[in-house]
Amino acid sequence: MTVALEVKGLNRSFGALHVTRDVDLTLEKGARHALIGPNGAGKTTLVNLITGVLKPSSGQVALNGEDITAWSQAERARRGLARTFQINQLFRGLTVLENLCMTIGERDGNCNNMWRSAGAKRAVIDEALDHLEALRLVDDALKLVRELPYGRQRLVEIAMALAQKPRVLLLDEPAAGVPSSETHLILDVVAALDPDIAVLIIEHDMDVVFRFAREITVLVAGAVFTKGTPEEIRSNEKVREVYLGEAHDHG
Amino acid sequence: MAASEPTSGAMTAKAARDRAAEYLLRRHYFRWPEALPWLIAIVCFFVFPDRMTFGSQVVIMIMFALSLDLILGYAGIVTLGHAAFFGVGAYTVALASLKLGWSEPVSGVVGAGIVAGLVGVIVGWFILRYRGLTLLMLTIAFAAMLQEAGNIRSDFTGGYDGLPGLMFDPLLGHFQYDLYGHTAYWYALAVLAVVFFFVRRVVYSPFGQALTGIRENVRRMHSIGSPVHRRLVTVYAISAGIAGMAGALFTQTNAYVTLTVFDFDASAKVMVMLILGGTGRLYGPFIGAVIYMVMEDYFSKLSPTFWQFGIGLMLVLAVLFARRGLLGLAETGWRKLSQRGAP
Numbered sequence: 201m202t203v204a205l206e207v208k209g210l211n212r213s214f215g216a217l218h219v220t221r222d223v224d225l226t227l228e229k230g231a232r233h234a235l236i237g238p239n240g241a242g243k244t245t246l247v248n249l250i251t252g253v254l255k256p257s258s259g260q261v262a263l264n265g266e267d268i269t270a271w272s273q274a275e276r277a278r279r280g281l282a283r284t285f286q287i288n289q290l291f292r293g294l295t296v297l298e299n300l301c302m303t304i305g306e307r308d309g310n311c312n313n314m315w316r317s318a319g320a321k322r323a324v325i326d327e328a329l330d331h332l333e334a335l336r337l338v339d340d341a342l343k344l345v346r347e348l349p350y351g352r353q354r355l356v357e358i359a360m361a362l363a364q365k366p367r368v369l370l371l372d373e374p375a376a377g378v379p380s381s382e383t384h385l386i387l388d389v390v391a392a393l394d395p396d397i398a399v400l401i402i403e404h405d406m407d408v409v410f411r412f413a414r415e416i417t418v419l420v421a422g423a424v425f426t427k428g429t430p431e432e433i434r435s436n437e438k439v440r441e442v443y444l445g446e447a448h449d450h451g
Numbered sequence: 002m003a004a005s006e007p008t009s010g011a012m013t014a015k016a017a018r019d020r021a022a023e024y025l026l027r028r029h030y031f032r033w034p035e036a037l038p039w040l041i042a043i044v045c046f047f048v049f050p051d052r053m054t055f056g057s058q059v060v061i062m063i064m065f066a067l068s069l070d071l072i073l074g075y076a077g078i079v080t081l082g083h084a085a086f087f088g089v090g091a092y093t094v095a096l097a098s099l100k101l102g103w104s105e106p107v108s109g110v111v112g113a114g115i116v117a118g119l120v121g122v123i124v125g126w127f128i129l130r131y132r133g134l135t136l137l138m139l140t141i142a143f144a145a146m147l148q149e150a151g152n153i154r155s156d157f158t159g160g161y162d163g164l165p166g167l168m169f170d171p172l173l174g175h176f177q178y179d180l181y182g183h184t185a186y187w188y189a190l191a192v193l194a195v196v197f198f199f200v201r202r203v204v205y206s207p208f209g210q211a212l213t214g215i216r217e218n219v220r221r222m223h224s225i226g227s228p229v230h231r232r233l234v235t236v237y238a239i240s241a242g243i244a245g246m247a248g249a250l251f252t253q254t255n256a257y258v259t260l261t262v263f264d265f266d267a268s269a270k271v272m273v274m275l276i277l278g279g280t281g282r283l284y285g286p287f288i289g290a291v292i293y294m295v296m297e298d299y300f301s302k303l304s305p306t307f308w309q310f311g312i313g314l315m316l317v318l319a320v321l322f323a324r325r326g327l328l329g330l331a332e333t334g335w336r337k338l339s340q341r342g343a344p
């Protein structure tokens with residue numbers, strides 16, 4: 201198995217606040233890895249460190265064996281690192297189709313072109329429509345993103361990440377904010393992801409985590425509390441104490 | 002709103018795909034209303050033949066506002082210092098004519114565009130790392146610095162007294178600038194047409210799409226791998242170049258320039274025009290500049306002391322009731338009408 205993403209000794213402080221402490225994390229090609237932990241454990245911060253939104257105070261991030269710690273967000277994205285956001289980050293005033301075409305255009309470097317019309321490349325449009333079709337969004341292709349219900353926007357968010365043709369995909373609470381009647385849509389998509397993509401998912405719903413993940417890392421107070429297979433995590437008394445018990449209370 | 006909801010029988014998956022693709026494929030096609038501004042410009046020449054000096058100034062302001070629309074309306078770069086580039090262009094042709102004896106008008110405009118564009122690259126590279134209020138302040142500061150630099154070297158620039166008595170060669174070696182501004186009008190209109198169709202292509206290109214992406218959500222642009230800073234600097238330079246060309250036309254048609262071209266007022270005025278007309282729409286600058294200039298002309302005759310009240314009132318009304326400008330208002334009205342007309 202080749203290593204797709206490797207995080208070594210990652211630290212990040214905001215002033216006196218130490219939010220990420222010595223985090224090690226390895227994702228192999230095709231991994232299905234879940235990151236869980238109570239609120240404020242630093243899960244999103246870790247995603248931001250991996251994708252380059254934030255720079256680590258110390259430590260290293262490697263993508264396909266290459267040290268990318270100093271790279272910008274955009275460079276990482278172009279090398280196959282994609283993410284979805286906990287709160288939708290879409291081009292709300294553009295159509296769904298334009299959102300997808302933008303992603304494909306930036307991926308292939310088309311967007312350097314100032315002279316050709318954006319609509320002139322039928323292949324880009326067709327690929328965008330393929331991605332939309334896979335998530336059953338074709339009927340919404342010409343709607344503005346802001347006109348869609350939140351659950352559908354969530355699907356666009358995932359379609360965008362997939363259109364980047366990532367090798368490593370970070371899903372930050374993909375079903376957050378989606379009405380429970382529609383969560384199955386998102387989860388079906390997540391379950392059907394290309395087996396070659398290494399996926400890291402942050403999720404609060406334990407049913408999803410145990411169904412989807414082959415490996416789980418538990419993050420508490422910015423540090424790796426423990427990691428293991430779903431069975432190991434499920435039977436770990438300490439994890440129950442710090443996390444699962446709490447999750448149960450919330451129902 | 003589940004995805005399992007059956008699609009309407011008539012609309013098969015294939016048809017839905019084609020309809021969606023068709024929209025993008027055709028979006029950049031010319032439509033007949035686009036000929037309208039140009040026809041009006043030609044008609045104006047025959048209706049107001051003795052007002053063409055004013056007409057050429059309106060055309061120049063349209064071009065200036067168009068340059069602002071490209072960065073403000075499309076890329077979302079907020080600036081109150083765009084007069085800096087207009088001024089650079091204006092002084093490029095003035096000084097080239099006076100100091101170097103370069104008085105050929107067309108190459109002067111092209112040269113001014115290049116000089117202003119280069120200044121745009123340098124300034125943009127520094128200031129476009131910032132956004133919002135910080136960026137706004139930096140643009141104001143840059144324009145003020147240029148103006149002050151010109152003032153310090155007033156032996157060279159003529160300062161606030163200006164550089165009068167500039168002489169430019171006849172246009173294309175043939176057409177003299179006349180008292181009625183006829184040559185100036187056609188000249189400015191021709192340059193505007195060339196610039197406009199260039200901007201139109203850029204806006205509908207993949208690059209132009211990326212600019213709207215930056216305006217709509219810069220975080221997403223970073224995460225899909227867009228070199229945001231490079232894109233912003235590129236469009237800033239293009240916009241600076243166009244503003245510089247407008248400035249060059251201004252100097253050539255007036256045969257006169259002073260440091261007031263760098264005024265904060267000038268930057269603010271072009272932004273008001275754009276907001277009145279509508280940002281992020283290619284024809285917003287046309288409507289905004291024409292209305293502003295005509296109102297200014299009319300009100301300042303009506304009441305030399307209070308004429309700005311009229312402009313101010315219009316701006317307040319536009320901001321309150323037509324956030325997308327007069328053109329945006331017209332589009333909404335047109336859509337409502339055509340919906341009512343449809344079966």
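Sequence lines, in order, name chains A and B.
Going left to right, the first sequence walks through residues 201 to 451 as our numbering numbers them.
Going left to right, the second sequence walks through residues 2 to 344 as our numbering numbers them.
Just so it is clear, CB atoms sit at the ideal spot from N, CA and C, and this is done for glycine as well.
So residue i and residue j are in contact, right, with Cβ under 8 Å, and what is the actual spacing, rounded?
{"i": "Y186/B", "j": "M53/B", "result": "4 Å"}
{"i": "L205/A", "j": "A398/A", "result": "6 Å"}
{"i": "I250/A", "j": "V207/A", "result": "6 Å"}
{"i": "F287/B", "j": "A84/B", "result": "Not really, about 20 Å apart at Cβ, beyond 8 Å."}
Taking 8 Å as the limit between beta carbons, can you name the residues of its chain near residue i, skipping five residues before and five after?
{"i": "V192/B", "result": "M64, V110, M246, L250"}
{"i": "M168/B", "result": "S98, S104, A256"}
{"i": "L332/A", "result": "V296, L297, L300, V338, D340, A341, A359"}
{"i": "A375/A", "result": "R354, T383, I386, L387, E403, D405, V408"}
{"i": "Q295/B", "result": "In the sequence on display, residue 295/B carries Val and not Gln. Cβ within range, chain order: V59."}
{"i": "I141/B", "result": "L81, G82, F265, S268"}
{"i": "P38/B", "result": "Y284, F287"}
What is the rounded straight-line gap between the Cα of residue i and the Cα of residue j?
{"i": "N299/A", "j": "G230/A", "result": "27 Å"}
{"i": "L129/B", "j": "V234/B", "result": "7 Å"}
{"i": "V442/A", "j": "D308/A", "result": "45 Å"}
{"i": "R282/B", "j": "E266/A", "result": "44 Å"}
{"i": "S304/B", "j": "A36/B", "result": "35 Å"}
{"i": "A238/B", "j": "A328/A", "result": "31 Å"}
{"i": "D330/A", "j": "T202/A", "result": "29 Å"}
{"i": "F127/B", "j": "R322/A", "result": "37 Å"}
{"i": "N239/A", "j": "H233/A", "result": "19 Å"}
{"i": "A66/B", "j": "R132/B", "result": "21 Å"}
{"i": "V196/B", "j": "M360/A", "result": "34 Å"}
{"i": "R221/B", "j": "E306/A", "result": "11 Å"}
{"i": "V356/A", "j": "G214/B", "result": "15 Å"}
{"i": "A334/A", "j": "P349/A", "result": "18 Å"}
{"i": "G102/B", "j": "D170/B", "result": "10 Å"}
Which stretch, first to last residue, makes up the beta strand (DSSP E) that contains residue i?
{"i": "Q364/A", "result": "Q364/A -> no beta strand (DSSP E), and no H or E assigned at all."}
{"i": "I416/A", "result": "415 to 420"}
{"i": "I236/A", "result": "232 to 236"}
{"i": "Q260/A", "result": "258 to 263"}
Residue range of the alpha helix (DSSP H) that residue i falls in?
{"i": "Q210/B", "result": "207 to 217"}
{"i": "K302/B", "result": "285 to 303"}
{"i": "E382/A", "result": "380 to 391"}
{"i": "V234/B", "result": "229 to 255"}
{"i": "I63/B", "result": "53 to 69"}
{"i": "K100/B", "result": "84 to 100"}
{"i": "E306/A", "result": "296 to 308"}
{"i": "D156/B", "result": "155 to 158"}
Between residue i and the rest of its own chain, which residues show a CB-CB distance below 6 Å, the 5 nearest in sequence each way excluded?
{"i": "I78/B", "result": "I72"}
{"i": "E332/B", "result": "none"}
{"i": "I402/A", "result": "L235, K243, D372, E373"}
{"i": "P106/B", "result": "F169, L172, Q253"}
{"i": "N288/A", "result": "Q353, E357"}
Beta-carbon separation of residue i and residue j under 7 Å?
{"i": "S1/B", "j": "S68/B", "result": "No statement about residue 1/B is possible, as the shown extent of chain B runs from 2 to 344 and does not include it."}
{"i": "A244/B", "j": "F87/B", "result": "yes"}
{"i": "V253/A", "j": "R292/A", "result": "no"}
{"i": "T254/B", "j": "S57/B", "result": "yes"}
{"i": "T252/B", "j": "A97/B", "result": "no"}
{"i": "Y212/B", "j": "Y75/B", "result": "Strictly speaking, residue 212/B in this sequence is Leu, with Tyr absent from that position. Yes, the Cβ-Cβ distance between L212/B and Y75/B is below 7 Å."}
{"i": "A363/A", "j": "T303/A", "result": "yes"}
{"i": "P228/B", "j": "A274/A", "result": "yes"}
{"i": "V389/A", "j": "G237/A", "result": "no"}
{"i": "Y284/B", "j": "L328/B", "result": "yes"}
{"i": "A270/A", "j": "G226/B", "result": "no"}
{"i": "A290/B", "j": "M62/B", "result": "yes"}
Less than 7 Å between C-beta atoms, sequence neighbours within five positions excluded: which residues of the same chain meet that for residue i?
{"i": "P366/A", "result": "G280, L281, A282, I397"}
Return yes when the C-beta of residue i is under 6 Å from any heavy atom of the ligand ATP, and no when it is not.
{"i": "L227/A", "result": "Here there are no bound small molecules, and the ligand ATP is not part of this structure."}
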